[in-house]
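In our numbering, the protein residues as written are 52 to 206. Glycine included, C-beta positions come from ideal geometry on N, C-alpha and C. To start, the structure under review is shown below, and the notes come after it.
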């Protein structure tokens, strides 16, 4: 019973980690663009923006939804990817941290490439508008999955 609670806790932490990384990536890419058009961006602005975007995008629900939108979307992607990975790991002899890392990356691949299809061609994640942005978001997914898988190996 305690192991199951730990696993759910690690899943929740992985979702928060990916949500934070995705929000921070989007903020940094927006600030890089602002800097490219001669807008002054200081370290204080960077830290403040990342903090405020984390609070507003990850912890604050967007009406009329009862839950914050970004972690909800990431949760759905990770639930599906981690569920498939759990089934695959029953037969494959892959280390959990790598398998779940790849699953996290695949979840973000689907989120990044399917969201524009659902929202009429609009990238809802500003950081996903360029190729390097998409790649960095996929890396964020890998890091969250790797975190989750490495914690499962210790439970």
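Would you mind giving the Cβ-Cβ distance between residue i and residue j, rounded to the nearest angstrom? I have them listed as a contact below 8 Å.
i, j, result
"residue 195", "residue 68", "5 Å"
"residue 155", "residue 132", "7 Å"
"residue 66", "residue 129", "6 Å"
"residue 61", "residue 202", "4 Å"
"residue 124", "residue 162", "6 Å"
"residue 192", "residue 151", "Actually they do not touch by this definition, with Cβ atoms about 10 Å apart."
"residue 179", "residue 81", "The pair is not a contact, with the Cβ atoms about 12 Å apart (cut-off 8 Å)."
"residue 148", "residue 197", "5 Å"
"residue 188", "residue 76", "6 Å"
"residue 74", "residue 121", "6 Å"
"residue 29", "residue 101", "Here the chain comprises residues numbered 52 to 206, so residue 29 is not present and cannot be evaluated."
Could you have a look at residue i and say whether DSSP puts it in helix, strand or coil?
i, result
"residue 107", "helix"
"residue 145", "coil"
"residue 92", "coil"
"residue 176", "coil"
"residue 150", "helix"
"residue 167", "helix"
"residue 158", "helix"
Please list the terminal residues of the continuous alpha helix (DSSP H) segment that includes residue i.
i, result
"residue 58", "53 to 87"
"residue 122", "120 to 140"
"residue 198", "182 to 203"
Does the segment 166 to 173 come close enough to the segment 94 to 114 to have 3 or more Cβ pairs within less than 8 Å?
-> Output reads no: the segment 94 to 114 does not touch the segment 166 to 173.
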